[in-house]
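Numbering (UniProt numbering), first residue to last: 1 to 470.
Every residue gets a Cβ at the ideal spot worked out from N, C-alpha and C, and that includes glycine.
First the structure, in the form of structure tokens, and then the observations on it.
Structure (structure tokens):
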């Protein structure tokens with residue numbers, strides 16, 4: 001058995017190999033830890049690697065299986081982003097500013113462990129998740145396995161880099177303005193931001209005025225479905241709960257979709273936002289594929305009640321940054337641009353964030369009218385190819401914020417609305433960088449997205465290609 005192939009196989013295939021007895025959890029964990037040791041000095045995907053704990057958990061999984069036990073993820077190594085609580089550690093959120101140790105795991109991590117997963121490490125993010133790249137003065141740059149001169153995106157950049165490089169079977173990210181979809185797009189992976197309230201954020205409750213959702217980043221659609229089925233569900237204490245899906249996510253991924261009406265939009269949220277011709281062509285090619293698969297693709301843009309995004313998004317983003325900095329144990333250790341973003345948030349007039357949030361309800365209802373005429377919306381994920389490492393490092397912070405807003409112009413609307421939205425691989429640029437498209441679903445309808453994305457994956461496989469890393 002080629003262990004390198006196994007490391008790139010993805011969580012679902014790894015679970016089947018473990019269940020069949022062809023592979024032990026300890027063998028799989030040791031193989032992934034060896035790859036982390038070999039490659040992560042260059043990639044910087046992990047903040048912490050739990051080598052001893054992972055080996056112990058893998059050995060316990062093997063013992064459980066030897067005694068006839070089973071669980072959906074028994075023995076499968078999974079990485080988690082550093083904004084998810086882990087018992088006995090501070091929740092660092094990309095900073096060196098947190099000293100308070102968590103008493104218990106987050107609900108996501110608790111459910112992963114209950115499903116048998118081996119938590120192999122904690123992945124990197126930019127400070128407070130503020131940027132669509134994963135770089136900071138304290139941690140340096142996390143790099144894209146497809147091109148180490150480029151970013152894997154952010155803010156779940158470490159999670160995406162780990163999966164793309166075969167350093168984890170799957171990873172968990174969070175998405176407050178695109179932070180699952182951005183890194184998935186940059187690294188040729190599948191990343192679906194689930195419906196708001198689908199996955200409990202306990203003990204945090206609500207994050208970023210309700211814009212944050214947690215979910216997997218994976219090589220295959222079925223990997224995402226398997227992992228998401230184990231972590232979905234709300235708690236009575238959660239501020240919002242999603243409507244239960246009509247079937248399990250694995251069943252949805254395994255079921256071909258009916259003929260769908262798909263709206264096609266190349267219009268980002270914002271004024272004068274350019275879309276790279278290579279990105280545009282990837283969407284057009286995907287639309288052609290979807291037509292060949294029997295679906296009806298029709299041009300239709302969502303209605304943007306706030307064409308500039310300045311009222312609908314900016315106050316919530318800046319206000320959340322200010323709140324995040326205020327909650328830190330040692331905010332003085334933050335890098336300058338993080339402090340500057342928080343300072344802008346503190347300058348907001350009293351009550352503006354609340355008014356922006358109320359406006360978001362109208363904005364969401366208006367945007368969702370696109371689904372009066374379609375079951376799925378097709379757009380680019382990003383407006384251009386992945387950024388180079390350090391590309392915006394010397395930009396003034398206000399300019400970097402404007403550039404980030406343009407770069408992610410198709411994404412934050414669906415955090416405000418709460419709809420499920422997925423980044424789906426769509427080939428490569430002439431330079432060999434991953435391309436992606438976004439599929440947005442109706443409220444609470446991840447199942448249609450999974451069925452359609454799996455159909456695209458079958459017609460245009462992406463996971464058989466991988467970075468040139470031995």
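Listed in chain order, the alpha helix (DSSP H) elements of length 4 or more contained wholly in the stretch 161-238 are 181-187, 221-231.
Between residue 33 and residue 9, the C-beta gap is not smaller than 8 Å, which leaves the two residues out of contact.
Counting along the chain, residue 331 sits inside no alpha helix (DSSP H), nor does DSSP assign it H or E at all. A distance below 8 Å between beta-carbons, with the five flanking residues on each side excluded, links residue 299 to the following residues of its chain, in chain order: 263, 264, 265.
Taking 8 Å as the cut-off, the Cβ atoms of residue 80 and residue 36 do not count as close.
Note on the stretch 296-368: whole alpha helix (DSSP H) runs with a minimum of 4 residues are 314-326, 336-346, 352-367, in chain order. Taking C-beta separations shorter than 8 Å and ignoring five residues to either side along the sequence, the partners of residue 205 in its chain run 237, 238, 239, following chain order. Here residue 264 carries a strand assignment [DSSP, helix/strand/coil].
The beta carbon of residue 92 is closer than 6 Å to those of 82, 98 in its chain, skipping five residues each way along the sequence.
Rounded to the nearest whole angstrom, the CA to CA distance from residue 439 to residue 247 is 19 Å. With a threshold of 16 other beta carbon atoms within 10 Å, residue 253 meets it and is buried. Annotated as proximal: residue 442 and residue 419, with beta-carbon spacing under 8 Å.
Taking a contact as a CB-CB distance under 8 Å, the pair residue 363 and residue 306 counts as one, their CB atoms being some 6 Å apart.
The residues 165, 167, 469, in chain order, have a CB closer than 7 Å to that of residue 39 in the same chain once the five nearest residues on each side in sequence are set aside. It is roughly 33 Å from the alpha-carbon of residue 261 to the alpha-carbon of residue 157. In the DSSP secondary-structure assignment, residue 76 is not bridged to any residue. In the three-state reduction of the DSSP assignment, residue 243 falls in the coil class, being assigned neither a helical nor a strand state.
The residues 88, 89, 90, in chain order, have a CB closer than 8 Å to that of residue 101 in the same chain once the five nearest residues on each side in sequence are set aside. Counting of Cβ neighbours within 10 angstroms places residue 138 among the exposed residues, the total staying below 16.
Note that the stretch 315-328 does not touch the stretch 272-286; fewer than 3 beta-carbon pairs, one per stretch, sit closer than 8 Å.
Secondary structure at residue 255: coil, using DSSP grouped into helix, strand and coil. Residue 271 and residue 304 have their alpha carbons spaced roughly 11 Å apart. In the structure shown, residue 430 adopts coil according to DSSP, grouped into three states. For residue 159, the three-state secondary structure derived from DSSP is helix. For residue 3, the closest of 52, 169, 148 by C-alpha to C-alpha distance is 169.
Looking at the DSSP output, residue 425 shares a beta bridge with 436. When only Cα atoms are considered, residue 163 and residue 208 end up about 26 Å apart.
By alpha-carbon distance to residue 59, the top candidate from 25, 76, 42 is 25. DSSP places residue 122 outside any alpha helix (DSSP H); the residue lies instead in the beta strand (DSSP E), whose first and last residues are 118-123. Collapsing the DSSP output to three states places residue 71 in coil. Taking C-beta atoms as the reference points, residue 294 and residue 336 fail to come closer than 8 Å. When the Cα atoms are used, residue 198 and residue 232 turn out to be separated by approximately 6 Å.
Nearest in C-alpha terms to residue 96, of all of 344, 128, 191, 467, is 128. Closest in C-alpha terms to residue 222, from the list 367, 283, 147, 452, comes 452. Relative to residue 160, the option among 149, 444, 289, 133 whose CA is nearest is 133. In the displayed model, residue 144 falls within a strand according to three-state DSSP.
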